[in-house]
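K.L.:
Submitted below is the structure of interest, expressed as structure tokens.
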């Protein structure tokens, strides 16, 4: 890497992300070390796998830092078509896990393709929108909506409703920043809520996914069934009080009352063991990283770079709000991870690559284009 570029790395973003990964590793170990049925008899099983994924993600991120992000813009369409091909391959060759065919196995390695597709859509949509002269008419929005709609449909067919909704957050953020009229975006939101969601609910989602969307309104109507996760999650969050019960001491997590407590429900583990103070630390780090990304957006010199960072910002914000919201009972359970903290190699690697794109934009913001 050129030395003149290194001094422009936003160390605040990198430091905040590494701190979140560190917190995630501690939480994952605490949630899984005593569950021998889950960790295959190795207390460090999930910790080692997540640490390995972090190292791979950092390596991929370093590779992207050495590559001008504008080069990826010139490869936008091949990247987009590759994302669609991988999503299609999952539907044909993928394995079903937890009711959704989201995983593509390559030998002993498993890859959740939808996580990488987010990155592909951000890059390709940023390039497409940056070349549009106007976005203030319905016809001008059509191409962008199709670009986002196709991968969303493929993911809904898995079916993975939560991940598909992340693309909505990405698209709305990028369209707004690219110059789409707020009135048009509001109409699209209304169509999505009152037309698309009901159609998806009745014709695409499986019965257990429908119950996940409804049970958050009153989890106690099925306290031992579909409402169990939310109830145990809220108990864990409340048990932490101010300072928490201590690392490796949380009863809901250590006694395995809380399901999926190393993946989607990792935040209640942190809340129970480190309390309100620990939650403030995590939320503060997320806020700081998002604020630094907004700072990068404000200093970017071209629309493509602005849209890249906006897509990453929108994706992270959506994940954070929905994941934490569902663990405290104010959002439906949709099964999306908490960035950098939840266990999941594909998610962690994709998120680190997205961070690398933002750092790339900041590093090269002074470069003059002719």
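Numbering (the working numbering), first residue to last: 1 to 370. Note that CB positions come from ideal geometry on N, CA and C, so glycine has one too. Predicted model, so just to flag it, every value in this text is computed and none were measured.
1. If you draw a straight line from the alpha carbon of residue 35 to that of residue 256, how long is it in whole angstroms?
2. On a CA-only basis, which of 158, 45, 97, 29 is nearest residue 87? Give me that one, please.
3. Locate the beta strand (DSSP E) running through residue 196, then write down its first and last residues.
4. Tell me whether residue 226 sits in a helix, a strand or coil according to DSSP, three-state version.
5. Measuring only the C-alpha atoms, how far is residue 156 from residue 347?
6. For residue 150, I'd like the list of residues in its chain whose CB is within less than 7 Å of its CB, leaving aside the five on either flank, ordered along the chain.
7. Give me the residue from 343, 321, 268, 356 with the minimum Cα distance to residue 309.
8. Tell me the DSSP bridge mates of residue 7?
9. Would you call residue 364 buried or exposed, if buried means 16 or more other Cβ atoms sit within 10 Å of its Cβ?
10. Expressed to the nearest angstrom, what Euclidean distance is found between the alpha-carbon atoms of residue 69 and residue 219?
11. Pull up the distance between the alpha-carbon of residue 281 and that of residue 252, whole angstroms please.
12. Whose C-alpha, out of 73, 209, 91, 17, is nearest the C-alpha of residue 227?
13. What's the call for residue 73, buried or exposed, on a 16-neighbour Cβ count within 10 Å?
14. In terms of residue numbering, what span does the alpha helix (DSSP H) encompassing residue 74 cover?
15. To test your reading of the DSSP string, which unbroken beta strand (DSSP E) runs of 3 or more residues are found completely within the stretch 77 to 140?
16. Tell me whether residue 256 sits in a helix, a strand or coil according to DSSP, three-state version.
17. Would you give the residue range spanned by the alpha helix (DSSP H) that residue 268 belongs to?
18. For residue 353, count neighbouring C-beta atoms within 10 Å of its own C-beta (all shown protein chains included) and say buried if the count is 16 or more, exposed if not.
P.N.:
Let's see:
1. One C-alpha to the other measures close to 8 Å.
2. Comparing Cα positions, the closest option is 158.
3. Careful: residue 196 lies outside any beta strand (DSSP E) and carries neither H nor E.
4. Reduced to three states, the DSSP call for residue 226 is coil.
5. The alpha-carbon atoms of residue 156 and residue 347 are separated by roughly 18 Å.
6. Excluding its 5 nearest sequence neighbours in each direction, residue 150 has C-beta neighbours in its own chain below 7 Å: 84, listed in chain order.
7. Comparing Cα positions, the closest option is 356.
8. For residue 7, which the question treats as bridged, DSSP gives no partner whatsoever.
9. Looking at its Cβ environment, which holds 16 or more other Cβ atoms inside 10 Å, residue 364 is buried.
10. One C-alpha to the other measures close to 45 Å.
11. In a straight line, the C-alpha of residue 281 is about 21 Å away from that of residue 252.
12. Nearest Cα to residue 227 within the set 73, 209, 91, 17: 209.
13. By the 10 Å Cβ count, residue 73 comes out buried.
14. For residue 74, the enclosing alpha helix (DSSP H) starts and ends at 69 to 74.
15. Those beta strand (DSSP E) runs which fall completely within the stretch 77 to 140 and span 3+ residues are 95 to 97, 100 to 106, 109 to 112.
16. Taken through DSSP and simplified to helix, strand or coil, residue 256 comes out as coil.
17. Unbroken alpha helix (DSSP H) run through residue 268: 266 to 299.
18. Here residue 353 is buried: its Cβ has 16 or more other Cβ atoms, across all protein chains shown, within 10 Å.
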